[in-house]
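> Chains as they are written, first to last, in the working numbering: chain A, -19 to 605; chain B, 41 to 312. Take this structure first; my questions come after.
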Amino acid sequence: MARKVTWGTPGRTAHYLWPRGKWAFVLPAGILGGGLLVLLLLLQVAGVRRPLAPGDVISRHAPIEARCEECHTAGRGASDLRCQRCHDPGGAGRLTNGVHVLFGSGDARKAAAAPRLDCARCHVEHRGRDARLGAVDEVQCAQCHFRSFSSHPEFVVLRARSMEAPGLKFGHDSAVPDKFAGHLAEVAKAKRIRIERSCGECHQRAAEQRDFTPVAFDLHCASCHAKDGSLGTIDPVPQEDALPPEQIAALGVRGPWLGRADEFQAGRGKVGRSVVHHKDEWVLFNLRKLRREIDPEGWAAERGALLARLSQLQRRRAQATPLASLDLAALRARQQSIEAELRGLDARIAAQAAGAAMTAGRSRLDEVQAAAAAAGDASGRADAQQLQAGADGLAAAGTPAAPLPRDEFEVRRGELLAALEAIEAADPSLRPRAQDLRRRALALAPGESGLDILQRARDQRQAERQRVMDEQALRAAGIAPPGEALLEPERDAIERAIDDVQARLASLSQAPAPLGPLTPAELQRKKETVEVLTVPCVKCHLFTGAAMARPAAARPVLVRARFEHEPHLLPVQGDCYHCHGAIQKSKVSADLNFGGVQSCRECHKPRSVSQDCQTCHRYHPPAVP
Amino acid sequence: MRFSQVLRPKEPGNARATAAASAVLVVVFIAGAAAWPWSPKRGLGLFFGFLATALFIFEMAYPFRRPKARPLRTAKAWAQAHVYLGALALVAVLIHAGFRLPRGVLGWGLLLLSLWTTASGLIGVWLQKWIPAALAEGLHVEALYERIPALMEQLVTEADALMAGADEVGERFYQTEVRPSLSRPNPSWGFLLDVRASRDRALEPFRRIAEFVDPVEKGRIDDLMSIYTEKIELDAHYSLQGILRRWLVLHVPTAGLLMGLLAVHVFAWAWY
């Protein structure tokens, strides 16, 4: 009989078969995972931290990669304070979101209300050695701004015509029939080139830069405007108004005119010039002297503004000293000093909040008034009376309902700075206080209350205190100060700005003090002298009385964006009119002569040239705005 | 069983719900990434990290389905949740990372282990649907994996007894060609795709030799072929049930490693 085919289970088992235990795989897996956890944590403790890092840091940060504490605070992630240790070592706060908002809007209240933004929010680390830390996700910008370049508003300078005039009378097409064909045409004729090519004669590309070198008189204008080295002549003017060289030298002011006696014609109580140079020191000295005599308030306001700017820059320079360079004792002293300042600020804020603002302000005004009156001279008494009248008016008017218009605000600020100038002159011991007040006056914004400023100052001090305390904590943890603080370029920019302000202050201060108030006849005569003195200058320069506007020819007009000509020249093949078409009909230097954002969109569009915000914009303001 | 049948979910409702949930998560990611800079450390990115962690922890609780299957009541419900929430956890991981490749060792470890664990789990699901059906449909014999060696020994005993009185040709054929492969399991990956794979070729020598022997011996050879057929089926059982048990080696230890790395990742996030 054939074997029967088995269907189903062949037979019963002799014994019970135990199922696999539920931990049979899980337990070894748990041991494996736990072992890995312990291993990695041990490596962490031993200082081998790379396995735990989410990726390599950029090459500039590679030397500190293994020391997580250089950037991270336990339990709080990457800390801004640790970033600032190298990138803003003085704690100036330049890299904060608030300063970004202030730079963009110029509105201190808006800046104070700006949300805090961690550095690491935009600058994402651990993306590899070659990652660009500065490359920020566009979505981040869109949190506050528009979402795409197609929504980019027109440039502010074009929208509001807010560009400050460059201080020159100049038109690319300032043609005078039968006399002058206009700058473009005249240059083309003189150089025997096509008119389209004449732009390059003045707007020259620098070898090491990506943009044009600034237009300079000696290089670009002198060949026509000072053919024989002279801009013209000055008719004789009274020596009481325009001092001859020897009298200026007697005041201790030296200048190149001392060796050019042949250029002066003196006699009959008058002095004239047969030759006038560009930036003629003699003319400028006498203009400054006349200005101080004709418009002492304007002079004082300008000097006050320069002093305030100087004070601000010097404070910034002091802040640009890395905290890391201080030892523990100095850090503690700094903390105590900041805490004392904080206590003072808190007390003043409490007083203002309690409604004592006006009283406190008035009492300080009284101090100022007393100091001005103590000067003893007529000018001081007049200042004191003016202050009294102002204070009475302030008390009667109460708190203004709306902020002052910008122009009026600037006038008031000028008056305040001039008053401070008078006070400092009357009592030099008040100088530190005057400096502080100047700085604050410069920081004021229209409509901002004293309380706002105090709170802003308190926020700044608190941030400083936090930094000092963090530095001390790091020292206690044995973390040495960073070997390199990225300050030098900033410090250089601040130094350059200080040098510039000091030079302007020095030249302004050369003007001797007026002997007393002018009679109407004297005032008229001096004004006429100014007109004569400025005859060679007014062909090109703009004047307000005896004050010459600072020229800023061919300077960038986009204050919140960066534009470089070099990458834009190739697509248009040197055809400047492609973007600056209106320049052929431009009559004044204030003309902007470019097409605005729409002209940018011709190339900056999807699937073409980059539309990233960072192509043109920088989030962080420059060290010296 | 056809391949498409294996792909058909056992509980279509759960599959649809998982697909819908995944789609919702991806839509949330797209909307979130358009509105805010995507970061695994903040906001929605962090939320997805927490979600993935919670799902992975739930996945590791799978052994607790026995003995009482609480709180999901049935082992089947546990298995369904284990499969679909595991798939959803991978989606959450990818969204947490913003669909970007990681940069560090830890990140790569987490991503690769997540992918491997999820993929091995899904392969396990396919095996558990494919193998039992293939065994039931294609074979006569049914056997528990642990009993197969003993059953093979029984077959050898039966074959020895059968061939005790065989002629010289039959005896030589049995001793040289049949008994060596009859006495031990002979697993093969070929059974995975076809449980009757190479059966005809294996039985061909039996058919050939049956043509050259007398009718009495032919009956004996036919019985031997029947025993050998049963052995081949046991081999198929042994191979496929072995795969069914051993795929867990690929799945569970890597899941353990994943949990270890996950703990380190959470620590690093919280500390730094």
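Backbone N, C-alpha and C define an ideal beta-carbon position, used for all residues, glycine too.
Decide if Leu22 (chain A) is buried, meaning its Cβ has at least 16 other Cβ atoms within 10 Å, or exposed.
Position 42 of the first sequence holds residue 22 (chain A). Leu22 (chain A) should be labelled exposed.
> Would you kindly work out how many angstroms separate the C-alpha atoms of Arg581 (chain A) and Pro602 (chain A), rounded to a whole number?
Locating residue 581 (chain A) in the first sequence gives position 601, where the first residue counts as 1. Locating residue 602 (chain A) in the first sequence gives position 622, where the first residue counts as 1. If I take the Cα positions, the gap works out to 27 Å.
> Give a yes or no on whether 7 Å exceeds the smallest Cβ distance from His52 (chain A) to chain B.
Against the first sequence, residue 52 (chain A) aligns to sequence position 72. His52 (chain A) counts as touching chain B.
> What are the start and end residues of each continuous alpha helix (DSSP H) run of 4 or more residues lying completely inside the region 75 to 160 of chain B, in chain order?
Complete alpha helix (DSSP H) runs here, min 4: 83 to 100, 115 to 136.
> Taking Cβ-Cβ distances shorter than 7 Å, what residues in chain B pair up with Gly10 (chain A)?
Start at 1 with the first residue of the first sequence, and residue 10 (chain A) comes out as number 30. What Gly10 (chain A) touches in chain B: Gly296.
> Which residue wins for smallest C-alpha separation from Glu670 (chain A), given the options A:Glu105, A:Pro(-10), A:Ala222?
Residue 670 (chain A) is absent from the model: chain A starts at -19 and stops at 605.
> Count the other C-beta atoms from every protein chain shown that fall within 10 angstroms of the C-beta of Gln281 (chain B), then say buried if there are 16 or more, exposed otherwise.
The residue labelled residue 281 (chain B) in the question sits at position 241 within the second sequence. Looking at its Cβ environment, which holds 16 or more other Cβ atoms inside 10 Å, Gln281 (chain B) is buried.
> If you pair each beta-carbon of the region 168 to 183 of chain B with each one of the region 231 to 238 of chain B, do three or more pairs fall below 8 Å?
Taking 8 Å as the limit for Cβ pairs, the verdict is that the region 231 to 238 of chain B does touch the region 168 to 183 of chain B.
> Flag Met203 (chain B) as yes if its beta-carbon sits less than 7 Å from any beta-carbon of chain A, otherwise no.
On the second sequence, position 163 is the one that residue 203 (chain B) refers to. Judged by the 7 Å Cβ criterion, Met203 (chain B) is not in contact with chain A.
> Look at Ala443 (chain A) and Leu325 (chain A) and say whether their C-beta atoms are less than 7 Å apart.
Working through the first sequence from its first residue, we reach residue 443 (chain A) at position 463. Working through the first sequence from its first residue, we reach residue 325 (chain A) at position 345. In this structure, Leu325 (chain A) does not lie closer than 7 Å to Ala443 (chain A) by Cβ.
> Any idea what DSSP makes of Leu223 (chain A), helix, strand or coil?
Your numbering for residue 223 (chain A) matches position 243 in the first sequence. Reduced to three states, the DSSP call for Leu223 (chain A) is coil.
> Can you tell me the Cβ-Cβ gap for Leu293 (chain A) and Ala477 (chain A), rounded? I've got them flagged as a contact below 8 Å.
Sequence index remark: in the first sequence, residue 293 (chain A) carries index 313 (1-based). Sequence index remark: in the first sequence, residue 477 (chain A) carries index 497 (1-based). Right, the Cβ-Cβ distance comes to about 5 Å (below 8 Å), so this counts as a contact.
> Residues of chain A with a CB under 9 Å from the CB of Ile97 (chain B): which are they?
The residue given as residue 97 (chain B) occupies position 57 in the second sequence. Within 9 Å Cβ-Cβ: nothing; Ile97 (chain B) doesn't reach chain A, min ~12 Å.
> Are the Cβ atoms of Cys102 (chain A) and Val81 (chain A) separated by less than 7 Å?
Residue mapping note: residue 102 (chain A) aligns to position 122 of the first sequence, counting from 1. Residue mapping note: residue 81 (chain A) aligns to position 101 of the first sequence, counting from 1. No, the Cβ-Cβ distance between Cys102 (chain A) and Val81 (chain A) is not below 7 Å.
> Is Cys63 (chain A) closer than 7 Å to Cys121 (chain A) when the C-beta atoms are compared?
As a first step, residue 121 (chain A) must be located in the first sequence, where it is residue number 141. As a first step, residue 63 (chain A) must be located in the first sequence, where it is residue number 83. Cβ atoms of Cys121 (chain A) and Cys63 (chain A): not closer than 7 Å.
> Between which residues of its own chain and His558 (chain A) is the CB-CB distance below 6 Å, once the five residues before and five after are set aside?
The residue you call residue 558 (chain A) lines up with position 578 of the first sequence. Excluding sequence neighbours, His558 (chain A) sits near Val552.
> Using only the alpha-carbon positions, how far apart do Glu511 (chain A) and Phe265 (chain A) sit?
In the first sequence, the residue the question calls residue 511 (chain A) occupies position 531. In the first sequence, the residue the question calls residue 265 (chain A) occupies position 285. Cα to Cα, Glu511 (chain A) sits roughly 15 Å from Phe265 (chain A).
> From what residue to what residue does the alpha helix (DSSP H) around Gly84 (chain A) run?
Taking the first sequence and counting its residues from 1, one reaches residue 84 (chain A) at position 104. Unbroken alpha helix (DSSP H) run through Gly84 (chain A): 77 to 85.
> Can you list, in chain order, the residues of its chain whose CB lies under 7 Å from that of Arg447 (chain A), leaving out five sequence neighbours each side?
The residue you call residue 447 (chain A) lines up with position 467 of the first sequence. Answer for Arg447 (chain A): Leu61, Gln64, Gly71, Leu303, listed in chain order.
> Please check if any C-beta of chain B sits within less than 7 Å of the C-beta of Phe5 (chain A).
Position 25 of the first sequence, counted from the start, is the residue given in the question as residue 5 (chain A). Interface residue, yes.
> I'd like the span of the beta strand (DSSP E) that includes Ala405 (chain A), first residue to last.
Walking along the first sequence from the start, residue 405 (chain A) turns up at place 425. It is not in any beta strand (DSSP E) - Ala405 (chain A) instead sits in the alpha helix (DSSP H) that spans 386 to 406.
> Looking only at its own chain, which residues have a Cβ that is under 8 Å from the Cβ of Gly576 (chain A), when we skip the five neighbours before and after it?
Here the question's residue 576 (chain A) lines up with position 596 in the first sequence. Closer than 8 Å at Cβ, skipping near neighbours: Glu134, Phe135, Leu138.
> Pro103 (chain B): which of B:Phe87, B:Ala117, B:Thr93 sits nearest, CA to CA?
Position 63 of the second sequence, counted from the first residue, corresponds to residue 103 (chain B). For the residues B:Phe87, B:Ala117, B:Thr93, the minimum Cα distance to Pro103 (chain B) belongs to B:Ala117.
> Compute the distance between the beta-carbons of Ala295 (chain B) and Thr158 (chain B), then report whether it is under 7 Å.
Numbered from its first residue, the second sequence carries residue 295 (chain B) at position 255. Numbered from its first residue, the second sequence carries residue 158 (chain B) at position 118. The answer is no: Cβ separation not under 7 Å.
> Out of A:Gly108, A:Pro(-10), A:Asp68, A:Arg29, which has the shortest C-alpha to C-alpha gap to Gly35 (chain A)?
On the first sequence, residue 35 (chain A) is found 55 positions in, with the first residue counted as 1. If we check each option's Cα against that of Gly35 (chain A), A:Gly108 comes out closest.
> How far does the alpha helix (DSSP H) with Arg420 (chain A) in it reach, from first residue to last?
In the first sequence, residue 420 (chain A) corresponds to position 440, counting from 1. Residues 411 to 423.
> Does any residue of chain A have a CB that is nearer than 7 Å to the CB of Ala129 (chain B)?
Your numbering for residue 129 (chain B) matches position 89 in the second sequence. Taking Cβ atoms only, chain A never reaches closer than 7 Å to Ala129 (chain B), which makes this a no.
> Within its chain, find whatever has a CB closer than 8 Å to the CB of Ile474 (chain A); leave out the 5 residues flanking it on each side and keep chain order.
On the first sequence, position 494 is the one that residue 474 (chain A) refers to. If we look at Ile474 (chain A) and ignore the five residues flanking it on each side, its Cβ neighbours are Leu293, Arg296, Arg297, Ala300, Ala603, Val604.
> Assuming Leu222 (chain B) and Ala199 (chain B) form a contact by the criterion Cβ under 8 Å, report the distance between their Cβ atoms to the nearest whole angstrom.
Counting from one through the second sequence, the residue named residue 222 (chain B) turns up at place 182. Counting from one through the second sequence, the residue named residue 199 (chain B) turns up at place 159. With 8 Å as the limit, Leu222 (chain B) and Ala199 (chain B) qualify as a contact, their Cβ atoms being about 6 Å apart.
> So does the region 250 to 266 of chain B actually touch the region 294 to 312 of chain B, counting three or more Cβ pairs closer than 8 Å?
The region 250 to 266 of chain B is not in contact with the region 294 to 312 of chain B.
> Suppose contacts are defined by Cβ-Cβ distances below 7 Å. Is Ser154 (chain A) in contact with Gly162 (chain A) by that definition?
Taking the first sequence and counting its residues from 1, one reaches residue 154 (chain A) at position 174. Taking the first sequence and counting its residues from 1, one reaches residue 162 (chain A) at position 182. Going by C-beta atoms, Ser154 (chain A) is nearer than 7 Å to Gly162 (chain A).
> Following the continuous beta strand (DSSP E) through Phe543 (chain A), name the residue where it begins and the one where it ends.
Translated into the one-based positions of the first sequence, residue 543 (chain A) becomes position 563. No beta strand (DSSP E) contains Phe543 (chain A), which DSSP labels as neither H nor E.
> Are the CB atoms of Ala421 (chain A) and Ile403 (chain A) nearer to each other than 7 Å?
Taking the first residue of the first sequence as position 1, residue 421 (chain A) is located at position 441. Taking the first residue of the first sequence as position 1, residue 403 (chain A) is located at position 423. Not a contact, by the Cβ cut-off of 7 Å.
> Hey, does Ala61 (chain B) have any beta-carbon neighbour from chain A nearer than 7 Å?
Counting from 1 along the second sequence, the entry for residue 61 (chain B) is found at position 21. So no, Ala61 (chain B) is outside the interface.
> Which stretch, first to last residue, makes up the beta strand (DSSP E) that contains Ala246 (chain A)?
The residue given as residue 246 (chain A) occupies position 266 in the first sequence. That run of the beta strand (DSSP E) goes 244 to 247.
> Whose Cβ in chain A lies nearer than 7 Å to the Cβ of Ser279 (chain B)?
The sequence position of residue 279 (chain B) within the second sequence is 239, counting from 1. Per Cβ cutoff of 7 Å: no residues; Ser279 (chain B) is ~18 Å from chain A at best.
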